[in-house]
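Residue numbers (this note's numbering): 1 to 480.
Worksheet: one structure, shown below.
Structure (structure tokens):
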């Protein structure tokens, strides 16, 4: 008898093991049918052999049963594959949902709906590509730039409004101002140039507007105060209502300065956390409070400016790492000096203002965590005044010397005008530690003024021959 059936059965088993694909099952069915035909017509050698253990009828029944089994297995295999695909899709969906829920827990509705960092302008995101895409009405931008977007829109039959034209101009100016903000921090060689006050920021904005739009100062100011279109996709709401359809141009330009400082803060804070072995995302409030505590209590009372995060050995290591991260982000790696010889250490060339900026970023993060918030949040604005107070905090323990100090060489530490500014820093009521420092500074200033008044009174009394402690006569008493 021919041995076709065992081969067909073996291929059937292999087809089942490989997943029972439809094409494979069809092929095996065909082979099984051929086997049945071969068995049904035995060869002449076996025709008269009555000793055959398996009759032709039995073999035909076996093959028919095998075909039925293969068909059933093929159907089951297809169902199993579909079930597996469904389970895989639902598993991915569940994983995505879990990640989104975790992110939602880290934030809050208040965080998501908060205003801009300056507390006055609602923070909305403008994207150059998205705005041009919305205004031009094309799915691809190609070689179109902000300066040629109006012509591209007209070529596509779209007439831009005055406000939309203003938005395109604003985006051009805003890009330059943001680059200028990064540059001022990274390349500053004296402390006063590290962070601008509001007046200096406005001068920068006007200068960049004049240069980018090729207008005079009067026209630049008029444009900055003009109304422009809101973002094509508003990113939030305020008090349950959509924000206005127009904005003042200067409002969106000044936002980019806060955005620039937020980007720098993210890098600086991450580097500080890595250096001190902390995780801002999972830091408990009590740990943040520990970092904001005094290094020690001295005889004269608590030193409210010598806090662990910036005055301890480990804290200073983190501050140096934060400053290095800033320079790497701002592409001023020439301020980072690698070791020249074996045994040397890497060090930074920076200003006092860079040290203070690194410290004020870390202080802001720790205070947010202490209050139960997220250390990754931008935090409230007012970086200039925070930075000014941080400089006074560092003045207590940072040496006024250009010598190497904790891996940093402060190149303007011996500047006689280091702490001379046109205006005093505004007290920061939103910062617990800075408010304490401001209060202590005010009390110290009041006490110093009282001592100066007593000394002046004693000097006047001595000039007039009056005993010490006696009421001082008027300076023009002799003339009377």
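Using N, Cα and C, we set each Cβ at its ideal position, and we do this for glycine too.
Identify every residue that forms a DSSP beta bridge with residue i.
{"i": "residue 347", "result": "337"}
{"i": "residue 90", "result": "Residue 90 is not bridged to any residue."}
{"i": "residue 294", "result": "307"}
{"i": "residue 207", "result": "The partner list for residue 207 (beta bridge, DSSP) is empty, contrary to what the question assumes."}
{"i": "residue 229", "result": "246"}
{"i": "residue 408", "result": "348 and 405"}
Tell me, to the nearest whole angstrom, how far the beta carbon of residue i is from that of residue j; I am working on the premise that it is less than 8 Å.
{"i": "residue 167", "j": "residue 229", "result": "5 Å"}
{"i": "residue 356", "j": "residue 394", "result": "6 Å"}
{"i": "residue 388", "j": "residue 422", "result": "Actually they do not touch by this definition, with Cβ atoms about 11 Å apart."}
{"i": "residue 163", "j": "residue 88", "result": "Not a contact, Cβ separation roughly 49 Å."}
{"i": "residue 418", "j": "residue 191", "result": "6 Å"}
{"i": "residue 275", "j": "residue 295", "result": "Going by Cβ atoms, the distance from residue 275 to residue 295 rounds to 17 Å, so no, they are not a contact pair."}
{"i": "residue 268", "j": "residue 361", "result": "5 Å"}
{"i": "residue 221", "j": "residue 351", "result": "Their Cβ separation, rounded to whole angstroms, is 32 Å, which puts residue 221 and residue 351 out of contact at 8 Å."}
Let me know if residue i comes out buried or exposed under the rule of 16 or more other beta-carbons within 10 Å of its beta-carbon.
{"i": "residue 463", "result": "exposed"}
{"i": "residue 69", "result": "exposed"}
{"i": "residue 277", "result": "exposed"}
{"i": "residue 491", "result": "Since the first residue of the chain shown is 1 and the last is 480, residue 491 is not available in this structure."}
{"i": "residue 91", "result": "exposed"}
{"i": "residue 363", "result": "buried"}
{"i": "residue 223", "result": "buried"}
{"i": "residue 412", "result": "buried"}
{"i": "residue 260", "result": "buried"}
{"i": "residue 76", "result": "exposed"}
{"i": "residue 308", "result": "buried"}
{"i": "residue 253", "result": "buried"}
{"i": "residue 74", "result": "buried"}
{"i": "residue 84", "result": "exposed"}
{"i": "residue 217", "result": "exposed"}
{"i": "residue 313", "result": "exposed"}
{"i": "residue 300", "result": "Low confidence applies here, because residue 300 scores a pLDDT of 47, under 50, leaving its location unreliable; read the following figure in that light. So residue 300 ends up on the exposed side."}
{"i": "residue 196", "result": "buried"}
{"i": "residue 420", "result": "exposed"}
{"i": "residue 86", "result": "exposed"}
{"i": "residue 345", "result": "exposed"}
{"i": "residue 235", "result": "At residue 235 the pLDDT is 48, less than 50, meaning the model places this residue with poor confidence; the figure from the coordinates comes in the next sentence. Exposed, because fewer than 16 other Cβ atoms sit within 10 Å of the Cβ of residue 235."}
{"i": "residue 181", "result": "buried"}
{"i": "residue 306", "result": "buried"}
{"i": "residue 185", "result": "buried"}
{"i": "residue 428", "result": "buried"}
{"i": "residue 342", "result": "exposed"}
{"i": "residue 80", "result": "exposed"}
{"i": "residue 385", "result": "buried"}
Considering only C-alpha positions, which residue in the set the options is nearest to residue i?
{"i": "residue 293", "options": "182, 62, 315 and 280", "result": "315"}
{"i": "residue 349", "options": "429, 403, 342 and 373", "result": "403"}
{"i": "residue 194", "options": "428, 354, 308 and 310", "result": "354"}
{"i": "residue 324", "options": "257, 259 and 359", "result": "359"}
{"i": "residue 383", "options": "262, 415, 291 and 212", "result": "262"}
{"i": "residue 431", "options": "450, 390, 85 and 416", "result": "390"}
{"i": "residue 271", "options": "329, 173, 78 and 185", "result": "329"}
{"i": "residue 225", "options": "231, 249, 216 and 217", "result": "249"}
{"i": "residue 177", "options": "246, 256 and 161", "result": "256"}
{"i": "residue 326", "options": "344, 295 and 266", "result": "266"}
{"i": "residue 433", "options": "289, 460 and 184", "result": "289"}
{"i": "residue 333", "options": "460, 281, 58 and 347", "result": "347"}
{"i": "residue 283", "options": "180, 451, 251 and 372", "result": "372"}
{"i": "residue 198", "options": "258, 182, 179 and 158", "result": "258"}
{"i": "residue 245", "options": "94, 180 and 161", "result": "161"}
{"i": "residue 183", "options": "72, 62 and 331", "result": "331"}
{"i": "residue 165", "options": "273, 231 and 200", "result": "231"}
Taking 8 Å as the cut-off, does the CB of residue i come closer than this to any heavy atom belonging to the ligand SAH?
{"i": "residue 220", "result": "Questions concerning the ligand SAH fall outside what the structure shown contains, since it holds no ligand whatsoever."}
Review point. Does the count of Cβ pairs from the segment 359-375 and the segment 329-339 closer than 8 Å reach three?
Key: no
Practice item. Count the CB pairs spanning the segment 202-217 and the segment 398-417 that are closer than 8 Å, and state whether there are at least three. Key: no
Review point. Taking one C-beta from the segment 403-416 and one from the segment 316-324 each time, how about it: are there three or more such pairs within less than 8 Å?
Key: Proximity of the segment 403-416 to the segment 316-324 meets the contact definition, three or more beta-carbon pairs being nearer than 8 Å.
Point to revise | Three or more C-beta pairs below 8 Å linking the segment 208-218 and the segment 172-183 | key: yes
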